[in-house]
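Each remark here refers to the structure printed beneath this line.
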Amino acid sequence: MMLRALVLCLGLLAVVASAVAVVHSHHQRRTLVEALERVEERRDRLRIEWAMLHLEHSTWAAGERIEKIAGQSLDLHRPPAGEIRQVTLEGLESEPVASPSPPKSGNLRTGYGAEFASSPKESVR
Numbered sequence: 079m080m081l082r083a084l085v086l087c088l089g090l091l092a093v094v095a096s097a098v099a100v101v102h103s104h105h106q107r108r109t110l111v112e113a114l115e116r117v118e119e120r121r122d123r124l125r126i127e128w129a130m131l132h133l134e135h136s137t138w139a140a141g142e143r144i145e146k147i148a149g150q151s152l153d154l155h156r157p158p159a160g161e162i163r164q165v166t167l168e169g170l171e172s173e174p175v176a177s178p179s180p181p182k183s184g185n186l187r188t189g190y191g192a193e194f195a196s197s198p199k200e201s202v203r
């Protein structure tokens, strides 16, 4: 009888211990899910901010805007086609440029390059 009561108590203790472990694991999972949701919300906010900054950068770096500011604030203007020279590295010779093409809007990689090169007399030595 004593052995049976001991086994029953040990079984009851095991059930209670496993119930406590289940409650603890559910609480831990809930805490981790909340932390994950906070991190995902922050990620989403940062993605939106990055997109807005990217758009702002594209706006500030637009070729038309830069050309307008250069003309208004710095009094810089495109030289006539006959005065545009392309400077090469071999002997710093210059060649007339046939017809300069305007830059593509909003693209910093394509823009004015040789059109604003200085004359051979003013070239860097």
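The sequence shown begins at 79 in my numbering and counts up by one. All residues carry an ideal CB built from backbone N, CA and C; glycine is no exception. The model shown is predicted, which means the values in this text are computed figures rather than measured ones.
Alpha-carbon spacing of residue 101 relative to residue 117, whole angstroms
Rounded to the nearest angstrom, the two C-alpha atoms are 24 Å apart.
If you follow the alpha helix (DSSP H) that residue 156 is in, where does it begin and where does it stop?
Element bounds for residue 156: n/a, residue is neither H nor E.
What does the Cβ neighbour count give for residue 147, buried or exposed, with the cut at 16 atoms within 10 Å?
exposed
I need the straight-line Cα distance from residue 160 to residue 119, nearest angstrom please.
58 Å
Is it buried or exposed, residue 126, if we count other Cβ atoms within 10 angstroms and call 16 or more buried?
exposed
Return helix, strand or coil for residue 129, following the three-state DSSP convention.
DSSP places residue 129 in helix when its eight states are reduced to three.
Apply the 10 Å Cβ neighbour rule to residue 163 and answer buried if 16 or more other Cβ atoms are within range, or exposed otherwise.
buried
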